[in-house]
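**Q** First the structure, which I've put down as C-alpha cells, then a few questions once you've had a look.
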Amino acid sequence: MKTGVLIPMNRPDRLLEKVRLYLADVEAFLAEPAVAVEVFLDALPHADTALILKMLPLLGYAGKERVLWPLFKLMLETSLDEQVRHSAAMQLSLAASLSDDPSALKDELMEKLNHPNPSVRSSCALALGWEGNWQAVESLMLHMPDPDRHVQDAVVAALSSVGDVRVFDLLITRLKTGTMEEQRSILLNLWRFAEFIDQVENVYFGCLETLVPDLRVDALSGLAMLPFSTTIFNGYLRLLGDEDARVRRQVLENLSAQPPVDDVHLKATLVGLLADEDAQIRRAALRLLARR
4 MKTGVLIPMN RPDRLLEKVR LYLADVEAFL AEPAVAVEVF LDALPHADTA
54 LILKMLPLLG YAGKERVLWP LFKLMLETSL DEQVRHSAAM QLSLAASLSD
104 DPSALKDELM EKLNHPNPSV RSSCALALGW EGNWQAVESL MLHMPDPDRH
154 VQDAVVAALS SVGDVRVFDL LITRLKTGTM EEQRSILLNL WRFAEFIDQV
204 ENVYFGCLET LVPDLRVDAL SGLAMLPFST TIFNGYLRLL GDEDARVRRQ
254 VLENLSAQPP VDDVHLKATL VGLLADEDAQ IRRAALRLLA RR
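Residue numbers (the working numbering): 4 to 295.
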C-alpha cells in the first residue's frame, strides 16, 4: 500500500488566502472585524503591492486602535511603493479619527514632520489631516514653507481635512503673505474646503486679479475642482478674453472637462478664438464648438 506525505499549505499562503476570501466577501469581514483585522495585519508582510492596496481601506475603516501603529510603521517604510505609503497615511488618518485616544500617535506624527526624508514628512502631514484635529494645526502651519513641494501640498491637504473655519482663514492669510510655492500649494488645494464653496469661488476669482502670471494658471486649476456654477461659467467667459494665452488655454481646458454648455455668448467667444494667435487655443476652441 502506497503512502504519501501530506504537505500542508504554509502559514503565509493560508493568511493570504483568508485575506482574499475577506476581500471577496466584505460582509464576512465586517461580521468579525477583530478576527479579520488580525488576519490582515498578520498577512501584510507577505502581501504584494496590489493586495496591500486592497487591504488598507478595510484596515482604516474597521481597525481603530489596533491598526494605528502597524499603519504608522507601514507608512514610514521607505522601501515600499509610494502608493502604498500614501494609502497607509490616508487610512491611518481615518483610523485615528475613529480612535478613542490617538494622542500618542498624534505626537509621534507631529514630531516626524521634522524627518530628514521629505517623503516621510509628506506622509505624516497627510496622516494628521482628520476632521477636528485642531491640535495639529499649529505644527502643520509651521511646515507650510517646507522646501519640498510635495510636503507643502500634503500640509495644505491635511489642513483642509481638519475642516475648521479658523484653518480656512489662516490659509487665506497665508495666500496673501506666503512664498510663491506656498501660494501655489494653497491654490491647488483650496477647493478641498467643500463647506466653504462660495468663499472659495470668491477667493479664486479675487486672486486671479492680483496674482503674478505664473500663479493664475494654478488658481484656475484649483477652480476646476469646484462644482461648476453660474459664477464660474461667467468668470470663464470673461477670462477667455484675457491677454495671457496661458490663462485662455487653462480656461478652455476647464470648460472641456464640463458637459457641453449651450450658451450664445460662449459660442460667439469660441468662434472668435478660432482666429487666436495661439494654435493650441484655436484647436481647443474648435473641439469645444464641435461638441455643442
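For each residue, glycine too, the CB sits at the ideal point set by N, CA and C.
Taking only three categories from DSSP, how would you classify aspartate 217?
**A** Note: aspartate 217 maps to helix in three-state DSSP.
**Q** Return the CA-CA distance between asparagine 117 and alanine 39, expressed in angstroms with no decimal places.
**A** Approximately 35 Å between the Cα atoms of the pair.
**Q** Provide the residue span of the alpha helix (DSSP H) that contains glutamine 138, from first to last.
**A** Element bounds for glutamine 138: n/a, residue is neither H nor E.
**Q** Leucine 19: which of Val203, Pro36, Leu83, Val42 sits nearest, CA to CA?
**A** With distances taken between Cα atoms, leucine 19 lies closest to Val42.
**Q** Where does proline 150 land, buried or exposed, given buried means 16+ other C-beta within 10 angstroms?
**A** Answer is exposed; the Cβ neighbour count stays below 16.
**Q** Please report the residue range of the alpha helix (DSSP H) in which glutamate 85 lies.
**A** It spans 85 to 101 - the alpha helix (DSSP H) in which glutamate 85 sits, taken as one unbroken run.
**Q** Quick one: grab the DSSP three-state call for asparagine 268.
**A** The amino acid at residue 268 is misidentified as asparagine; the sequence shows histidine. Histidine 268 falls in the helix class under three-state DSSP.
**Q** Comparing alpha-carbon positions, which option in Ser163, Ser224, Ser126, Gly135 lies nearest glutamate 256?
**A** Checking every option, the nearest Cα to that of glutamate 256 belongs to Ser224.
**Q** If I measure Cβ to Cβ from arginine 124 and keep anything under 8 Å in the same chain, skipping five residues before and after, which residues do I get?
**A** Only Lys115, Leu116, Asn117, His118, His146, Asp149, Asp151, Val154, Ala157 meet the Cβ criterion.
**Q** Starting from histidine 153, trace the alpha helix (DSSP H) both ways and give me its first and last residue.
**A** Unbroken alpha helix (DSSP H) run through histidine 153: 152 to 165.
**Q** Leaving out the 5 sequence neighbours to the left and right, which residues in its chain are closer than 6 Å to alanine 293 when beta-carbon positions are compared?
**A** If we look at alanine 293 and ignore the five residues flanking it on each side, it has no Cβ neighbours.
**Q** For methionine 4, which three-state DSSP category applies?
**A** Low confidence applies here, because methionine 4 scores a pLDDT of 43, under 50, leaving its location unreliable; read the following figure in that light. In this structure, methionine 4 counts as coil in the three-state DSSP scheme.
**Q** Touch check for the stretch 201 to 214 and the stretch 229 to 238: three-plus C-beta pairs under 8 Å?
**A** At 8 Å Cβ cutoff, the stretches touch.
**Q** Within its chain, find whatever has a CB closer than 6 Å to the CB of leucine 174; leave out the 5 residues flanking it on each side and keep chain order.
**A** Excluding sequence neighbours, leucine 174 sits near Ile189.
**Q** Should methionine 183 be labelled buried (16 or more other beta-carbon atoms within 10 Å of its own) or exposed?
**A** Flag for methionine 183 reads exposed.
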